[in-house]
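Asks: Residue numbers (the UniProt record's numbering): 1 to 97.
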Amino acid sequence: MEMSRNRIPKIGLALVLAFFAYCAVVVGDSGSVTGGPVEVLGIFGTALMFVAILATFATIYIAARRAHQAGSWLWFFGVIFMWPVSYLYTLAVNRHG
Numbered sequence: 001m002e003m004s005r006n007r008i009p010k011i012g013l014a015l016v017l018a019f020f021a022y023c024a025v026v027v028g029d030s031g032s033v034t035g036g037p038v039e040v041l042g043i044f045g046t047a048l049m050f051v052a053i054l055a056t057f058a059t060i061y062i063a064a065r066r067a068h069q070a071g072s073w074l075w076f077f078g079v080i081f082m083w084p085v086s087y088l089y090t091l092a093v094n095r096h097g
């Protein structure tokens, strides 16, 4: 049970990092890239972007719920307003829920 508590945040962080790496490879050093996500990233990159966004929202929900249950309002508002803090809170600060 302990290992499954952070499955969504771990997968979400991996997806976000994979998306950033994919963007670095695809977009690279192109100075000016214009167009929609499908034009710039392709279908795979666009799908990866949306999956990473959904996983981040799920992590924000998990982190906010854990912060609320712990009674920590500073962390609660931090994870809602700054998405990287939600990964920090779920994976390092309040790992056990």
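The beta carbon of each residue, even a glycine, is placed where N, CA and C say it ideally should be.
State the start and end residues of the unbroken alpha helix (DSSP H) segment that holds G45.
Replies: Here the alpha helix (DSSP H) through G45 covers 37-70.
Asks: Taking the C-alpha atoms as reference points, what is the distance between W75 and T59?
Replies: Those two C-alpha atoms are separated by around 13 Å.
Asks: How many Å lie between A63 and I80 at the Cα?
Replies: Distance between the alpha carbons of A63 and I80 is about 8 Å.
Asks: Exposed or buried, which one is F50 when buried takes at least 16 other CB atoms within 10 Å?
Replies: Under this definition F50 is an exposed residue.
Asks: Looking at L48 and F77, is the spacing between their C-beta atoms short of 7 Å?
Replies: Not in contact: F77 and L48 (Cβ atoms no closer than 7 Å).
Asks: So the alpha helix (DSSP H) G92 belongs to, where does it begin and stop?
Replies: According to the sequence displayed, residue 92 carries Ala and not Gly. Taken as a continuous stretch (DSSP letters only), A92 belongs to no alpha helix (DSSP H), as it is neither H nor E.
Asks: Whole angstroms are fine: how far does the CA of C23 sit from the CA of E39?
Replies: For E39 and C23, the distance between alpha carbons rounds to 13 Å.
Asks: Report yes if the C-beta distance between T46 and G12 is below 7 Å; otherwise report no.
Replies: Taking 7 Å as the Cβ cut-off, T46 and G12 do not qualify as a contacting pair.
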